[in-house]
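Numbering (this note's numbering), first residue to last: 91 to 375.
We treat Cβ as the ideally placed atom computed from N, Cα and C, and that holds for glycine.
No experiment lies behind these values; they were computed from the predicted model shown.
For reference, the structure discussed in these notes is given below.
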């Protein structure tokens, strides 16, 4: 009778670990010393002679290599270990901000980055305009310090007052939220995020009334019509979320303009920003 093959027995975990070590520029001996391993142990792991290393040992090796979240998750999964997901720490948030900065700044429409707890960690110059705020307005910092999803459902929030069709937008946001959090279901912090949202009567109403739906496309678009302060017309967007490839705990939210007035509003903001940069450069000169 053939026994089922255990994950890790195909050598992929060891190969992935070796590739990571080489990419970090570390020798096997150096890692063994840093991770308090016996001489030659890492070589046996990398070449598959140790089929399934103890998880704690792998964690020490990965810590010695200063592995990122994505690298750690990748190696552990190759050895068949499930990987708990925790909210990012300050260093990981700083990395994500730097990683997505160029893409945010190059977007000719509002865009911002969220972490897995839905905190806004970075945004472009179009985002304050969308919320009717000046770039240095402290209200933007207060929005960034909390779950942005809470702000869309909170009766006291300035964001909810922008929404023209809450009966369309808010259920769509709940469905997107259910899909987004499916990757983290069962994590204690995920349950806490849901509980905080359920404390908001409006969210609880739509949560109870909205059934989970399968996501039919990788880029699910959420429609929204907004009454933006200073805009000559109502603005229409389609919201899209895309995860950072290197860390699924972060994602970029894009507000794609959905009609001509909204395209013109976005273009006017980009023109104003360019003009402001020209004036600043002339003043410095």
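Determine the direct distance from the alpha carbon of residue j to that of residue i, and round the result to whole angstroms.
i, j, result
"residue 160", "residue 266", "23 Å"
"residue 229", "residue 163", "36 Å"
"residue 259", "residue 285", "21 Å"
"residue 355", "residue 109", "48 Å"
"residue 325", "residue 318", "7 Å"
"residue 246", "residue 135", "56 Å"
"residue 183", "residue 339", "10 Å"
"residue 173", "residue 277", "11 Å"
"residue 243", "residue 137", "53 Å"
"residue 231", "residue 217", "12 Å"
"residue 133", "residue 153", "17 Å"
"residue 282", "residue 177", "12 Å"
"residue 268", "residue 343", "16 Å"
"residue 107", "residue 139", "13 Å"
"residue 227", "residue 327", "23 Å"
"residue 95", "residue 131", "Because the pLDDT of residue 95 is 36, which lies under 50, any placement of that residue in the model is unreliable, and the number read from its coordinates should be weighed accordingly. For residue 95 and residue 131, the distance between alpha carbons rounds to 22 Å."
"residue 219", "residue 129", "59 Å"
"residue 346", "residue 193", "14 Å"
"residue 225", "residue 272", "34 Å"
"residue 195", "residue 250", "25 Å"
"residue 323", "residue 189", "34 Å"
"residue 257", "residue 114", "51 Å"
Provide the residue(s) that pair with residue i in DSSP beta bridges, ordered along the chain.
i, result
"residue 341", "204, 333"
"residue 253", "316"
"residue 237", "209"
"residue 347", "327"
"residue 311", "330"
Verify whether the separation of the beta carbon atoms of residue i and residue j is less than 8 Å.
i, j, result
"residue 248", "residue 274", "no"
"residue 341", "residue 119", "no"
"residue 329", "residue 312", "yes"
"residue 264", "residue 300", "yes"
"residue 315", "residue 255", "yes"
"residue 186", "residue 337", "yes"
"residue 233", "residue 241", "yes"
On a CA-only basis, which of the options is nearest residue i? Give me that one, please.
i, options, result
"residue 175", "299, 280, 298", "280"
"residue 116", "155, 142, 194, 262", "155"
"residue 151", "158, 140, 179, 121", "121"
"residue 238", "226, 192, 113, 212", "212"
"residue 297", "130, 143, 261, 257", "261"
"residue 235", "210, 294, 173", "210"
"residue 332", "323, 270, 141, 138", "270"
"residue 157", "272, 323, 112", "112"
"residue 191", "253, 214, 227, 224", "214"
"residue 171", "133, 141, 345", "141"
"residue 223", "346, 321, 345, 327", "321"
With hydrogens ignored, establish whether the beta-carbon of residue i is closer than 7 Å to any heavy atom of the ligand FAD.
i, result
"residue 316", "Of the ligands one can find in the structure shown there are none, so the ligand FAD has no counterpart to examine."
Does the beta carbon of residue i sit closer than 8 Å to a beta carbon anywhere in chain C?
i, result
"residue 194", "The displayed structure is made up of one protein chain only, and chain C is not part of it."
Note to self: With a threshold of 8 Å, are at least 3 pairs of Cβ atoms found where one atom belongs to the region 346 to 360 and the other to the region 193 to 213?
What the structure shows: Judged by Cβ distances under 8 Å, the region 346 to 360 makes contact with the region 193 to 213, as three or more pairs qualify.
- Query: Are at least three pairs of beta-carbons, each pair with one atom in the region 288 to 300 and one in the region 341 to 352, less than 8 Å apart?
  - Reply: The answer is no - the region 341 to 352 does not touch the region 288 to 300, with fewer than three Cβ pairs under 8 Å.
Checklist entry - Does the region 164 to 173 come within contact of the region 103 to 112, defined as at least 3 CB pairs closer than 8 Å? => result Three or more pairs of CB atoms, one per stretch, sit closer than 8 Å, so the region 164 to 173 contacts the region 103 to 112.
Counting Cβ pairs, one atom from each stretch, are 3 or more of them under 8 Å apart for the region 147 to 158 and the region 118 to 134? With a cut-off of 8 Å, the region 118 to 134 and the region 147 to 158 count as touching, because enough Cβ pairs lie within range.
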